[in-house]
């Protein structure tokens with residue numbers, strides 16, 4: 001968060017928000033036991049050990065379960081270490097200050113507040129309980145990367161996507177960038193399946209690929225590409 005974005009208010013966010021993610025396990029001592037046959041197993045376990053993702057219990061990740069908007073946002077907040085440490089608030093912020101459909105007492109409330117104040121392109125009419133599609137998660141992941149990672153600029157050559165006509169207007173650019181950075185992939189038929197629900201395993205794999213790309217491609221000193 002840039003210093004010039006600090007709100008000149010009076011109550012520290014850190015004083016009113018503890019990063020407690022209710023309903024998710026922070027224990028990393030035991031590996032998930034339900035990843036047999038999951039192609040991204042090794043990536044998921046690495047993210048677990050690094051504290052980036054958490055299961056529904058110490059031993060269960062539920063890789064095939066759908067990812068809700070709330071869960072997806074929590075993943076992004078964790079993965080990219082988003083915070084509101086430099087912000088000041090007149091009163092304790094609530095999730096409903098930013099998203100009318102949110103529940104201020106829900107486990108995801110803090111994550112929504114953090115995400116909203118980090119400007120990752122979330123709509124005010126967000127429904128935290130709605131299952132995210134592959135294109136929705138990918139779009140938000142790319143926006144988060146571009147907002148909070150100082151990546152070198154690259155020239156992207158669009159690829160042919162067999163089901164390109166199925167994309168929601170405005171998401172195709174994010175999908176192309178995700179493919180170019182090898183964060184996402186097409187299936188053997190050249191399809192992305194944008195409207196299909198994204199699973200927890202698929203979302204975790206994309207996050208792993210994104211973090212791996214960021215680590216391998218630091219921006220040149222001075223922040224400008226050569």
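Residue numbers (this note's numbering): 1 to 226. Built from N, CA and C at the ideal position, the CB exists for glycine as well.
Return the chain-ordered list of same chain residues with a C-beta closer than 6 Å to the C-beta of residue i, the five sequence neighbours on each side being excluded.
i: residue 190; result: 162
i: residue 101; result: 127
i: residue 212; result: none
If we call anything under 9 Å between Cβ atoms a contact, is residue i one with residue j?
i: residue 120; j: residue 138; result: no
i: residue 98; j: residue 84; result: no
i: residue 151; j: residue 140; result: no
i: residue 148; j: residue 87; result: no
i: residue 103; j: residue 109; result: yes
i: residue 73; j: residue 115; result: yes
i: residue 106; j: residue 70; result: yes
In this structure, what does DSSP give as the bridge partners for residue i?
i: residue 197; result: 133
i: residue 66; result: 199
Report the three-state DSSP secondary structure of residue i (helix, strand or coil).
i: residue 177; result: helix
i: residue 242; result: Any answer about residue 242 is impossible in this case: the structure gives the chain only from 1 up to 226.
i: residue 141; result: helix
i: residue 147; result: helix
i: residue 104; result: coil
i: residue 113; result: helix
i: residue 184; result: coil
i: residue 205; result: helix
i: residue 84; result: coil
i: residue 97; result: helix
i: residue 155; result: coil
With a threshold of 8 Å on Cβ separation, who are the neighbours of residue i within its own chain once the five nearest residues in sequence on each side are excluded?
i: residue 44; result: 32, 35, 38, 53, 61, 63, 201, 204, 205 and 208
i: residue 216; result: none
i: residue 157; result: 180
Which same chain residues, not among the five before or five after residue i, have their C-beta less than 7 Å away from its C-beta?
i: residue 66; result: 131, 197 and 199
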